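**Q**
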Amino acid sequence: MSGPRITAAGRVQRLLAVLQWAARHPDGVPVDELCQRFRLKQAELARELELASMIGADATHYDEMPFEVFIEDGLVFVRLFAFRRPLRLTPAEGLALVAAADVLVDRADDPGLAGPLQRALAKLAALLGIEPGQAVDVDLDPDGGEVGRQLVRAAADDRRVAFTYWTYGRDAVARREVDPWVLFPDRGTWYLAGWAHDPGAPRHFRIDRIEDLEVLDAPRTQPPPKDLEASLGVGHDAPQVVLDLAPNARWVAEAHPILEAEERADGWTRATLAVTATPWLERLLLRLGPDARVVAIDPELGSTDLVAAAAARVLARYRG
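Note that numbering that gives the first Met the number 0 has the sequence shown beginning at 0, numbered continuously upward.
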């Protein structure tokens with residue numbers, strides 16, 4: 000007769016315990032020892048480890064995998080990349096976690112699970128400055144913050160930069176020298192695309208993992224490739240907006256993939272941008288104020304009075 004069925008929550012707790020215990024043995028743990036300790040049959044352990052190996056399998060880069068699990072010569076090896084440093088969530092990641100946890104709390108039948116989950120949810124929501132269940136807007140900084148602005152200026156001046164960077168997967172911190180090309184947003188996070196002099200290849204760097212940024216006297220020796228726009232996934236099939244940018248707003252053309260740019264006699268720049276999200280465009284235009292004029296816009300993004308409409312919404316929220 001088989002033993003009691005384990006719940007989904009119990010299975011997750013057991014899997015985490017297996018991974019954490021195995022990770023404390025960098026030389027590997029014999030399969031038989033792991034089975035005996037957690038009262039698992041070899042087939043059950045194999046299923047659990049197979050499940051673990053699929054977590055994070057959709058990561059864009061190996062460095063973004065949360066952990067690595069493999070079996071070799073009868074030994075189980077676990078590397079817990081994502082658990083060696085305090086978790087640093089972007090606002091978008093934090094809000095997504097709050098939303099998912101909120102749904103789980105509503106559907107949790109087990110009080111033993113709902114209670115701890117509610118407490119964790121309340122703590123995370125407090126850090127984000129919201130209430131659980133509250134409708135929120137994710138605000139992606141339109142230029143990547145102070146680090147982003149320094150990188151944009153360095154790229155415009157053809158200067159090399161150096162910074163300390165934490166590589167997620169290897170849990171390693173190293174000093175990097177990079178020829179900056181362009182900043183681009185992806186899933187609520189800003190990235191720098193550029194040429195990394197070690198290992199001598201193009202690389203993408205998350206802005207929130209860059210520390211101790213320094214603009215060097217050395218010139219940028221590797222210019223952006225002609226196909227940079229395509230490599231960032233921004234193409235001519237995306238909705239477009241044509242902007243006239245004042246001289247002190249030219250950083251926009253340097254910070255974002257531009258489809259076309261034309262220098263005008265009055266010192267302004269007419270730039271055509273591919274846009275994947277209307278809220279991002281609204282925030283950018285609100286920040287630029289009179290230094291940007293909408294010349295033409297894809298109907299999918301809105302109308303030329305996009306800024307006025309966005310400003311009216313902000314004012315209504317403020318008054319409300």
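We put the beta carbon where it would ideally sit given N, CA and C, even for glycine. If you're wondering where the values come from, they're calculated on a predicted model, not measured in any experiment.
Let me know if PRO278 comes out buried or exposed under the rule of 16 or more other beta-carbons within 10 Å of its beta-carbon.
**A** Exposed, because fewer than 16 other Cβ atoms sit within 10 Å of the Cβ of PRO278.
**Q** On the CB-based measure, 16 or more other CB atoms within 10 Å of its CB, does ASP57 come out buried or exposed?
**A** Summary for ASP57: the model assigns pLDDT 43, below 50, so the residue's position carries little reliability, and this model does not support an answer.
**Q** Within a Cβ cutoff of 7 Å, which residues of the same chain sit near CYS34, ignoring the five residues on either side of it in sequence?
**A** So the list reads LYS40, GLN41, LEU44, once near-sequence residues are dropped.
**Q** Using a threshold of 8 Å, state whether the C-beta atoms of GLN239 and LEU212 are closer than that.
**A** Not closer than 8 Å, so no.
**Q** With which residues is ILE70 paired in a DSSP beta bridge?
**A** DSSP lists VAL75 as partners of ILE70.
**Q** Considering only the alpha carbon of each residue, which of ASP265, PRO289, LYS225, ALA192 lies closest to GLU259?
**A** Measuring from the Cα of GLU259, the nearest candidate turns out to be LYS225.
**Q** Just curious, the alpha helix (DSSP H) that PRO218 is in, first and last residue?
**A** Unbroken run through PRO218 is the beta strand (DSSP E), 209–218; no alpha helix (DSSP H).
**Q** Could you tell me if VAL17 is buried or exposed, where buried requires 16 or more neighbouring beta carbons within 10 angstroms of its beta carbon?
**A** So VAL17 counts as buried.
**Q** Where ALA270 and TRP165 are concerned, what is the direct C-alpha to C-alpha distance, given to the nearest angstrom?
**A** For ALA270 and TRP165, the distance between alpha carbons rounds to 34 Å.
**Q** Can you tell me where the beta strand (DSSP E) with THR201 in it begins and where it stops?
**A** It should be noted that the sequence gives Pro, not Thr, for residue 201. 200–205 is the extent of the beta strand (DSSP E) around PRO201.
**Q** Per DSSP, which one or two residues make a beta bridge with GLU262?
**A** THR268, per the DSSP bridge assignment.
**Q** Less than 8 Å between the C-beta atoms of PRO115 and ASP157, yes or no?
**A** Going by C-beta atoms, PRO115 is not nearer than 8 Å to ASP157.
**Q** Leaving out five residues on either side along the sequence, give the residues of the same chain with a beta carbon under 6 Å from the beta carbon of ALA153.
**A** Counting only Cβ-Cβ distances below 6 Å, and skipping sequence neighbours, we find VAL160, PRO179, VAL214.
**Q** Looking only at its own chain, which residues have a Cβ that is under 7 Å from the Cβ of ALA248, when we skip the five neighbours before and after it?
**A** The residues are LEU287, ASP290, ALA291.
**Q** Would a C-beta distance cut-off of 8 Å place GLU47 and LEU14 closer than the cut-off?
**A** Yes, these two residues count as a Cβ contact at 8 Å.
**Q** First and last residue of the beta strand (DSSP E) that includes LEU39?
**A** Segment: none, LEU39 is in no beta strand (DSSP E) and carries neither H nor E.
**Q** For GLY144, I'd like the list of residues in its chain whose CB is within less than 8 Å of its CB, leaving aside the five on either flank, ordered along the chain.
**A** Only TRP189, ILE206 meet the Cβ criterion.
**Q** Is GLY301 helix, strand or coil when you go by DSSP?
**A** Coil at GLY301, not helix or strand.
**Q** Anyone know if the C-beta pair for VAL177 and TRP194 falls short of 8 Å?
**A** Their beta carbons are under 8 Å apart, which means VAL177 touches TRP194 by this criterion.
**Q** Kindly indicate which three-state DSSP category VAL294 falls into: helix, strand or coil?
**A** Here VAL294 sits in strand by DSSP.
**Q** Which residues mark the beginning and the end of the beta strand (DSSP E) in which VAL240 is found?
**A** From DSSP, the beta strand (DSSP E) with VAL240 extends over 239–244.
**Q** Just how far apart, CA to CA, sit ASP197 and ARG174?
**A** Between ASP197 and ARG174, the C-alpha separation is close to 10 Å.
**Q** Can you tell me where the alpha helix (DSSP H) with GLY193 in it begins and where it stops?
**A** Careful: GLY193 lies outside any alpha helix (DSSP H), inside the beta strand (DSSP E) at 188–195.
**Q** Given TYR305, which residues of its chain have a CB within under 8 Å of its CB, disregarding the five upstream and five downstream residues?
**A** Contrary to the premise, residue 305 reads as Leu rather than Tyr in this sequence. Here the set comprises THR277, LEU280, GLU281, LEU284, VAL293, ILE296.
**Q** By a C-beta neighbour count over all protein chains shown, 10 Å radius and 16 as the cutoff for buried, is VAL172 buried or exposed?
**A** Flag for VAL172 reads exposed.
**Q** Measure how close the beta-carbons of LEU244 and THR268 come, nearest whole angstrom, since I'm counting them as under 8 Å.
**A** 5 Å between Cβ atoms; contact.
**Q** Just verifying my parser: in three-state terms, what is the DSSP assignment at ARG46?
**A** In the structure shown, ARG46 sits in a helix (DSSP, three-state: H, G or I).
**Q** In this structure, how does DSSP classify TRP165 when only helix, strand and coil are distinguished?
**A** TRP165: strand per DSSP, three-state reduction.
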